[in-house]
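S.K.: Attaching a single structure in structure tokens format; questions to follow.
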Amino acid sequence: MDSDSSHPDRRVRVASPEAVSFLLVPEPLLPEVEHPCRIPVKNVEEAEFLAAALQEHCGLYLGTRAADFPELAQWGDATPVGVRVGGPWKKDPPENVSELLARIPVRNAVSEGRQSFSEAEQARPLERIDPVLVHKRDPANVLLANACRVGALHQFNAFTESPEFVFDHPSGHVQGMLLTELARQAAIAAIHGVGLPLDWTLILTRLTLEFRRFVRNDVPVVIRTFTSFRLPEWSEPVRSDGRRNRMWIAVQGWQEGTCCYSGLIGAVSAKEAS
């Protein structure tokens, strides 16, 4: 598969840690490497998925220890940056997909200054995304704002109140139904963001979420997604003969540097009959 056209000659393996914003590093090598965003990897399978997620922003660093990690070295030297650009992630989600994505901090060199991450940044304006991207008519019902792409990852700040949701009593945390709607909207926006035409049908077929901690309603929330539909640098239009295309979307909700909930959404897309 062709590499990203803006990096035609670069392979995933890099000679210097300073070359990229995200550095994939074998776990045993971590103590020897200085980098603001080191991401540990155990094997080629983990590195392949993380490279697909981070695209041109990441590199694999082995330093002088390539001989200690021959499989990673061979993969990194053979794989062009932007691995799998142009097509979908055709594999099932890794069993530890949420844990893998959680290794990538939502506050990073790409998203810094574009989104709010802490209570001190609460005053940053929230600019809602286009309602059509989440299949809404009323902009007030759009819960996503400050969209940011980090490789193939889509990140959004979130509104924690909506006129569509009226709950029985006030609470200091965000209700689970609203968190579920955030995940749904983020999945739809991400799929359109990587090329699904707005006039195509998109049906959500599965939703599983794991809630790890309460999400406060007075601190910025970041929603992040990765979709298997296709990776974003593909320049060709989506083609379909009317057959349904199945996909999955990994979603996470972050607050104050912690992943508070995560899960998987299944979806089917097809071109509507004209």
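Taking the UniProt record's numbering, I'd label the letters of the sequence shown as residues 1 to 274.
Glycine is no exception: its CB is placed at the ideal position from the N, C-alpha and C atoms.
Of the choices Leu198, Leu50, Val33 and Pro26, whose alpha-carbon is the least far from that of proline 40?
M.R.: Comparing Cα-Cα distances from proline 40 to each of Leu198, Leu50, Val33 and Pro26, the minimum goes to Pro26.
S.K.: Which of helix, strand or coil does DSSP assign to glutamate 33?
M.R.: Glutamate is not the amino acid found at residue 33; the sequence shown has valine there. Correct three-state label for valine 33: coil.
S.K.: Helix, strand or coil, according to DSSP, for histidine 173 in the structure here?
M.R.: Strand at histidine 173.
S.K.: Got a sec? Which residues, its chain only, sit under 8 Å from proline 139 by beta carbon, not counting five neighbours each side?
M.R.: Once the five neighbours on either side are set aside, the close Cβ partners of proline 139 are Arg128 and Pro131.
S.K.: Quick one: is residue 351 buried, meaning 16 or more other Cβ sit within 10 Å of its Cβ, or exposed?
M.R.: Any property of residue 351 remains undetermined from this structure, which presents the chain solely from 1 to 274.
S.K.: Is valine 44 near the ligand GTP, with its Cβ less than 6 Å from a heavy atom?
M.R.: Here there are no bound small molecules, and the ligand GTP is not part of this structure.
S.K.: Once the 5 residues before and after proline 213 are set aside, which same chain residues still bring their CB inside 6 Å of it?
M.R.: Reading the sequence as shown, one finds arginine at residue 213 and not proline. Answer for arginine 213: Cys260, listed in chain order.
S.K.: Please classify phenylalanine 49 as buried or exposed, where buried requires at least 16 neighbouring CB atoms within 10 angstroms.
M.R.: Buried is the call here.
S.K.: What is the residue span of the beta strand (DSSP E) that proline 28 lies within?
M.R.: Careful: proline 28 lies outside any beta strand (DSSP E) and carries neither H nor E.
S.K.: For valine 44, which residues of its own chain have a beta-carbon under 8 Å away from its beta-carbon, when the five flanking residues on both sides are left out?
M.R.: Within the same chain, valine 44 has close Cβ partners Glu71, Leu72 and Trp75.
S.K.: Using only CA atoms, which one of Ser228, Ile223 and Ile104 lies nearest to serine 262?
M.R.: Among Ser228, Ile223 and Ile104, the Cα nearest to that of serine 262 is on Ile223.
S.K.: Looking at valine 81 and valine 33, is the spacing between their C-beta atoms short of 7 Å?
M.R.: For valine 33 and valine 81, no; Cβs fall outside 7 Å.
S.K.: Under the assumption that glutamate 256 contacts valine 219 (Cβ atoms under 8 Å), give the Cβ distance between them as a whole number of angstroms.
M.R.: Confirmed, about 6 Å.
S.K.: Apply the 10 Å Cβ neighbour rule to alanine 189 and answer buried if 16 or more other Cβ atoms are within range, or exposed otherwise.
M.R.: Alanine 189 is buried by the Cβ-count criterion.
S.K.: How is the alpha helix (DSSP H) around proline 70 delimited, first residue to last?
M.R.: Counting along the chain, the alpha helix (DSSP H) containing proline 70 begins and ends at 70-78.
S.K.: Residues in its own chain within less than 7 Å of leucine 202 by CB, not counting five upstream and five downstream?
M.R.: Taken in chain order, the residues that qualify are Ile188, Ile191, Leu196, Ala267 and Ser269.
S.K.: Are leucine 178 and phenylalanine 165 closer than 7 Å when you measure CB to CB?
M.R.: Yes. Within cutoff.
S.K.: If you drop the 5 nearest sequence neighbours on each side, which residues of the same chain put their C-beta closer than 8 Å to that of glycine 63?
M.R.: Same-chain partners within the cutoff: Leu29, Glu32 and Val33.
S.K.: May I have the straight-line CA-CA distance separating glutamate 210 from glutamate 56, to the nearest angstrom?
M.R.: Approximately 30 Å between the Cα atoms of the pair.
S.K.: Below 8 Å on the Cβ atoms is my guess for alanine 51 versus cysteine 58; work out the distance and round it to an integer in Å.
M.R.: The Cβ separation is near 6 Å, so the contact holds.
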